[in-house]
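Undergrad: There's a structure below that I have some questions on.
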Amino acid sequence: MPSASTVLPRDAVFRDAPTLGVAAARINAALDKARYGDRRYFVIKGGFVLLTRIEQTEKDGTPKPPPARWDTQISYIDSFSVPGMLKTFVLAPDGYFQVLAFVVTDEPVNSRKVAGTDVEVSHLLASGLHYPPPSVTLTPTSKNNQCTVLVYEFEKSADSKDTDKLFSQKGRMTAQEHLAKASLWTALESTQ
1 MPSASTVLPR
11 DAVFRDAPTL
21 GVAAARINAA
31 LDKARYGDRR
41 YFVIKGGFVL
51 LTRIEQTEKD
61 GTPKPPPARW
71 DTQISYIDSF
81 SVPGMLKTFV
91 LAPDGYFQVL
101 AFVVTDEPVN
111 SRKVAGTDVE
121 VSHLLASGLH
131 YPPPSVTLTP
141 TSKNNQCTVL
151 VYEFEKSADS
161 KDTDKLFSQK
171 GRMTAQEHLA
181 KASLWTALES
191 TQ
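Numbering-wise (the UniProt record's numbering), the sequence shown opens with residue 1 and increments by one.
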């Protein structure tokens, strides 16, 4: 389960966007402004999920300055499930970490199951793309499209040598606070 989630203002992503490709470009522009270089796309029913690289943050949620921000000894989650995410943190240094998932779809978003079963989601993430395929980018937008941001925040401490002691930081901060600390809220507003 995510630590926090929010639905972005529709205009931030979909204003005058004829296709999901334009919406993806707006999210990419905001991520670029906030210095998120690496990301992966996953096709889901009615749209896509854009997943950021795992980043290390300060306790207050502010990204650590480079290179520590990305120096996690891990790069991508290979399974979009809580057990899959926890496994990726075994080698990480102590501290706070977060991953952002931008879920763009015209379907209702269930944060427990972004697309189908956990097995389907795990399979999608194992084959993440560097950019969305034409089957997504050429899809026309509709009045039902939304962009939901799911924030997955974790804390690893000295006594969390196995994943059973890695703590999800549920409710510590709102999704808007996470996005603001990462300079994404302002970047998303400026893409409108």
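All C-beta atoms, glycine included, are put in the ideal place defined by N, C-alpha and C.
Ends of the alpha helix (DSSP H) at A30?
TA: Unbroken alpha helix (DSSP H) run through A30: L20 to K33.
Undergrad: Run through DSSP, which three-state label would S5 get?
TA: The answer is strand: DSSP assigns S5 an E or B state.
Undergrad: So I54 packs on F102, CB below 8 Å; how close in whole Å?
TA: Not a contact, Cβ separation roughly 15 Å.
Undergrad: If we ignore side chains and look at the alpha-carbon of each, how far apart do S5 and S190 end up?
TA: If you take the alpha carbons of S5 and S190, they lie about 21 Å apart.
Undergrad: Roughly how far, in whole angstroms, is the beta-carbon of F42 from the beta-carbon of L31, given that I think they are within contact range, below 8 Å?
TA: Contact doesn't hold; Cβ gap of about 15 Å is too wide.
Undergrad: Looking at the strands, I want to know which residues DSSP matches up with V49.
TA: Paired residue(s): F42 and V103.
Undergrad: Could you tell me which of R15, K181, T105 and T186 sits nearest to G46, measuring between CA atoms?
TA: The candidate whose alpha carbon is nearest that of G46 is T105.
Undergrad: With E177 as the anchor, note down where its alpha helix (DSSP H) starts and where it stops.
TA: Here the alpha helix (DSSP H) through E177 covers A175 to K181.
Undergrad: Within the continuous alpha helix (DSSP H) that includes T141, where are the two ends?
TA: No alpha helix (DSSP H) contains T141, which DSSP labels as neither H nor E.
Undergrad: How big is the Cα-Cα spacing for R15 and S157?
TA: If I take the Cα positions, the gap works out to 42 Å.
Undergrad: Here's the rule: buried if 16 or more other CB atoms are within 10 angstroms of the residue's CB, otherwise exposed. What is V7?
TA: Exposed.
Undergrad: Apart from the five residues on each side of it in sequence, which residues of its chain come closer than 6 Å, Cβ to Cβ, to K170?
TA: Here the set comprises S3.
Undergrad: When the Cα atoms are used, what is the spatial distance from P63 to W70?
TA: Taking the straight line from one Cα to the other gives about 9 Å.
Undergrad: Could you spell out where the beta strand (DSSP E) holding E189 opens and where it closes?
TA: Run containing E189: none in the beta strand (DSSP E); it sits in the alpha helix (DSSP H), L184 to S190.
Undergrad: Under 9 Å between the Cβ atoms of V149 and L179?
TA: Contact flag set, yes.
Undergrad: Pull up the DSSP beta-bridge partners for Y131, would you.
TA: Note: Y131 sits in no beta bridge, so no partner.
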